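Engineer:
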Amino acid sequence: MADLSDVLNQIVGMCATAVYPKGTAQPSVANVGVKVYAGWPVPNVLEADLTEGKAHVSVYSLATERKTSRHIGRPWQTAQDPVTSITGAVNGTTMTLGGTVSTPQNVCLNVNKKAYVYAVQATDTLTSIATALAALIHVDHSLTTSNANTVTIPDANNISFIVGGFAKMVRELKRQEKQFQIAVWASTPTVRDQIGGAIDSALASINDLAFADGSHGIMLYVRTFQTDQQEKSMLYRRDIVYTVDYATTQTSDAAQVIAPILNIKSS
Numbered sequence: 003m004a005d006l007s008d009v010l011n012q013i014v015g016m017c018a019t020a021v022y023p024k025g026t027a028q029p030s031v032a033n034v035g036v037k038v039y040a041g042w043p044v045p046n047v048l049e050a051d052l053t054e055g056k057a058h059v060s061v062y063s064l065a066t067e068r069k070t071s072r073h074i075g076r077p078w079q080t081a082q083d084p085v086t087s088i089t090g091a092v093n094g095t096t097m098t099l100g101g102t103v104s105t106p107q108n109v110c111l112n113v114n115k116k117a118y119v120y121a122v123q124a125t126d127t128l129t130s131i132a133t134a135l136a137a138l139i140h141v142d143h144s145l146t147t148s149n150a151n152t153v154t155i156p157d158a159n160n161i162s163f164i165v166g167g168f169a170k171m172v173r174e175l176k177r178q179e180k181q182f183q184i185a186v187w188a189s190t191p192t193v194r195d196q197i198g199g200a201i202d203s204a205l206a207s208i209n210d211l212a213f214a215d216g217s218h219g220i221m222l223y224v225r226t227f228q229t230d231q232q233e234k235s236m237l238y239r240r241d242i243v244y245t246v247d248y249a250t251t252q253t254s255d256a257a258q259v260i261a262p263i264l265n266i267k268s269s
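Residue numbers (our numbering): 3 to 269.
(1) Can you tell me whether PRO23 is buried or exposed? The criterion is at least 16 other CB atoms within 10 Å of its CB, across all chains shown.
(2) What separation, rounded to the nearest whole angstrom, lies between the Cα atoms of ALA32 and VAL193?
(3) The alpha helix (DSSP H) that contains VAL47, what's its start and end?
(4) Would you mind reading off the limits of the beta strand (DSSP E) that contains MET171?
(5) In the structure shown, what three-state DSSP assignment does ASP8 receive?
(6) Hey, could you find the ends of the beta strand (DSSP E) PHE60 is sitting in?
(7) Using three-state DSSP, classify ASP241 as helix, strand or coil.
(8) My guess is that THR229 and ARG239 are in contact by the Cβ rule of under 8 Å, so how many angstroms apart are they, rounded?
(9) Answer yes or no: do ARG177 and PRO77 have a C-beta to C-beta separation smaller than 9 Å?
(10) Throw me the rounded Cβ distance for the ALA132 and VAL103 pair, which I believe falls under 8 Å.
(11) Three-state secondary structure (DSSP) at ASP83?
(12) Return the chain-ordered list of same chain residues with a C-beta closer than 7 Å to the C-beta of VAL14, the five sequence neighbours on each side being excluded.
(13) So, helix, strand or coil for MET236, using DSSP?
(14) Taking only the alpha-carbon atoms, compute the straight-line gap between GLY90 and THR80 and give it to the nearest angstrom.
(15) Please report the straight-line C-alpha distance between ILE155 and GLN258, rounded to a whole angstrom.
(16) Could you please give me the residues that DSSP links to MET221 through a beta bridge?
(17) State the start and end residues of the unbroken alpha helix (DSSP H) segment that holds SER203.
(18) Count the other CB atoms, across all protein chains shown, that sit within 10 Å of the CB of THR26; report buried if there are 16 or more and exposed otherwise.
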């Protein structure tokens with residue numbers, strides 16, 4: 003689910019990319035060590051790092067917030083389509099499994115319009131899946147056998163194979179617009195400006211924030227201010243403030259329908 007911490011982590015990641023465009027193993031844009039993190043600096047740690055010529059970039063959520071929920075109801079939406087990796091080739095009265103085994107997946111063998119479904123386990127092989135299907139079908143078709151990854155139903159008139167995965171579903175529970183402060187803490191105005199400029203340019207080009215659960219946020223620039231008032235303590239600071247309109251979400255897995263045929267018997 004997406005929440006406040008997801009927004010903070012996303013902004014931290016974007017700031018780190020701006021400060022270390024070639025990777026953290028390479029020098030920063032200011033050629034000094036830079037710590038990028040969510041939260042507020044620990045005073046003694048910040049002071050020690052500034053003395054050594056290092057810099058900090060902190061990302062902090064401000065108290066300013068307003069509700070922006072704009073929908074009635076909470077409909078589920080597909081964030082990620084089902085993924086399947088098992089195949090089944092039907093030839094007459096036999097079905098041969100192929101592909102690779104992964105979970106979660108369900109396999110279904112329709113025999114004479116009746117569905118036999120097996121949920122694939124993490125320890126399964128193609129052979130064990132074929133054996134499980136054969137055991138299910140054997141109840142109605144006593145001549146059913148399995149050999150390695152092949153199932154044979156000699157008395158079957160019609161056979162079809164279906165495999166289904168699980169989709170990732172997401173729904174918005176509420177939306178809110180919150181302000182986030184990106185603070186650059188440096189020991190010289192030059193370092194501050196180099197780091198602040200890189201972050202400012204990088205964030206200004208981004209409006210759409212994508213989160214891991216498939217939801218999106220809208221990021222808009224608010225203001226920038228900087229101070230030299232603590233230059234006697236070798237502290238030069240620039241604050242960049244953005245608002246992010248984001249959703250608090252709920253996620254769930256949904257099984258793909260693979261057995262739409264109802265097994266109905268007349269009374």
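All C-beta atoms, glycine included, are put in the ideal place defined by N, C-alpha and C. Everything numeric in this text was worked out from a predicted model, so none of it was measured.
Structural biologist: Put simply:
(1) On the sequence shown, position 21 is the one that residue 23 refers to. Exposed: under 16 other Cβ atoms inside 10 Å.
(2) Position 30 of the sequence shown holds residue 32. Position 191 of the sequence shown holds residue 193. Roughly 6 Å between the two C-alpha positions.
(3) Numbered from its first residue, the sequence shown carries residue 47 at position 45. Following the DSSP letters along the chain, one finds VAL47 inside the alpha helix (DSSP H) bounded by residues 45-53.
(4) Along the sequence shown, one-based indexing puts residue 171 at 169. It spans 168-188 - the beta strand (DSSP E) in which MET171 sits, taken as one unbroken run.
(5) Here residue 8 corresponds to residue number 6 of the sequence shown, with the count starting at 1. ASP8 falls in the helix class under three-state DSSP.
(6) In the sequence shown, the residue the question calls residue 60 occupies position 58. Checking the sequence shown, residue 60 turns out to be Ser, not Phe. 57-69 is the extent of the beta strand (DSSP E) around SER60.
(7) Reading the sequence shown from its first residue, position 239 is the one you call residue 241. Of the three classes helix, strand and coil, the one that applies to ASP241 here is strand, per DSSP.
(8) As a first step, residue 229 is located in the sequence shown; it is residue number 227 there, counting from the start. As a first step, residue 239 is located in the sequence shown; it is residue number 237 there, counting from the start. Their Cβ separation, rounded to whole angstroms, is 5 Å, which keeps THR229 and ARG239 in contact under 8 Å.
(9) As a working note, residue 177 is residue 175 in the sequence shown. As a working note, residue 77 is residue 75 in the sequence shown. Remark: C-beta atoms of ARG177 and PRO77 do not approach each other more closely than 9 Å.
(10) Here residue 132 refers to the residue found at position 130 of the sequence shown. Here residue 103 refers to the residue found at position 101 of the sequence shown. Contact between ALA132 and VAL103 does not hold, since the beta-carbon distance rounds to 11 Å and is not under 8 Å.
(11) Position 81 of the sequence shown holds residue 83. ASP83 carries a coil assignment under DSSP once its states are collapsed to helix, strand and coil.
(12) Translated into positions along the sequence shown, residue 14 becomes position 12. VAL38, TYR39, ALA40 and VAL61.
(13) Counting from 1 along the sequence shown, the entry for residue 236 is found at position 234. Reduced to three states, the DSSP call for MET236 is coil.
(14) For the purposes of this step, residue 90 is identified with residue 88 of the sequence shown, where counting begins at 1. For the purposes of this step, residue 80 is identified with residue 78 of the sequence shown, where counting begins at 1. If you draw a straight line from the Cα of GLY90 to the Cα of THR80, it comes to about 26 Å.
(15) Taking the first residue of the sequence shown as 1, we reach residue 155 at position 153. Taking the first residue of the sequence shown as 1, we reach residue 258 at position 256. Going by C-alpha positions, ILE155 is about 26 Å away from GLN258.
(16) Counting from one through the sequence shown, the residue named residue 221 turns up at place 219. Beta-bridge pairing links MET221 to VAL246.
(17) Indexing the sequence shown from 1 puts residue 203 at position 201. Segment 191-206, the alpha helix (DSSP H) holding SER203.
(18) By one-based count along the sequence shown, residue 26 stands at place 24. Exposed: under 16 other Cβ atoms inside 10 Å.
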